[in-house]
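The next block holds one structure in the form of C-alpha cells; read it before the comments.
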Amino acid sequence: MNRVEGDLIRLALDGQFDVIVHGCNCFHTMGAGIAKAIAAEFPEALAADRATSKGDRDKLGTVSVAEVIRGSRRLTIVNAYTQFQWRGRGPKVDYDALRRCFETIARDFDGQRIGYPMIGAGLAGGDWDRIAAIIDAALVGQDHTLVVLPA
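Laid out in C-alpha cells, this is it:
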C-alpha cells in the first residue's frame, strides 16, 4: 500500500488516480465524512448509490460505480458498501463486506491507479490495521494508494 498526504478528491481531479473508492452504508446516506464531499463534488456517485435498493442488507460487500468526466479527465468513483448503517454505537464497518468489495475492485479495475481514504476506520469505527491488511491482501500487485489528510 502506497501512502500519501493530501485531499483524495483534489488528487483524483489532478490526475493522480483512475479510480477512487470510498465506504458507504446501505441507506443512501452520504451525509458525513468523505462520502459527503464525494457526493457534493461528484453527484454522479450519489446517483449511482441511489440507483441501488435503499436499506438492502444484500448490498453489503458489493459496489456501485459512477463514471465521471471533468474536462478532459475521466475518473471512476466506487461506492463500496462496507457498512449496513451509520447509526448507533460501536464499529459499523463489516470486515467481510470490505474484503468482498476490494476483491471486486481488484478484478474490475485491474491495472488502474486506485486511491482511497481510511475506509471503515473513521466514522465507521473500524480498526485500521485490520482494514489495511484486508485491502493489501485484496489488491496485491495493484497500484493502490491510501490518501490521508495532512496532520
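Okay, so the sequence shown: first residue is 466 according to the working numbering, each after it adds one. For glycine and all other residues, C-beta sits at the position ideal for the given N, C-alpha and C. Predicted model only: the values in this text are computed from it and were never measured.
Have a look at Asn490 and Arg564 and give me their C-alpha separation to the nearest angstrom. 15 Å
Label Val484 either buried or exposed according to how many other C-beta atoms from any shown protein chain fall within 10 Å of its C-beta, with 16 as the threshold for buried. buried
If you count every other CB in all the chains shown that lies within 10 Å of the CB of Asp592, and 16 or more means buried, which is it? exposed
Cross-strand partners of Val469 (DSSP beta bridge): Val612
Please name the residue, chosen from Ser537, Val605 and Arg595, that lies closest to Thr569 on a Cα-to-Cα basis. Val605
Could you give the C-beta distance for Phe507 and Ala531, rounded to a whole number, given that I count them as a contact under 8 Å? 6 Å
Which word fits Leu415, buried or exposed, when buried means at least 16 other C-beta atoms lie within 10 angstroms of its C-beta? Outside the displayed range of the chain (466 to 616) lies residue 415, so it cannot be described from this structure.
Sequence-distant residues of the same chain with beta carbon closer than 8 Å to Lys524, five excluded per side: Cys491, Thr517, Ser518 and Tyr546
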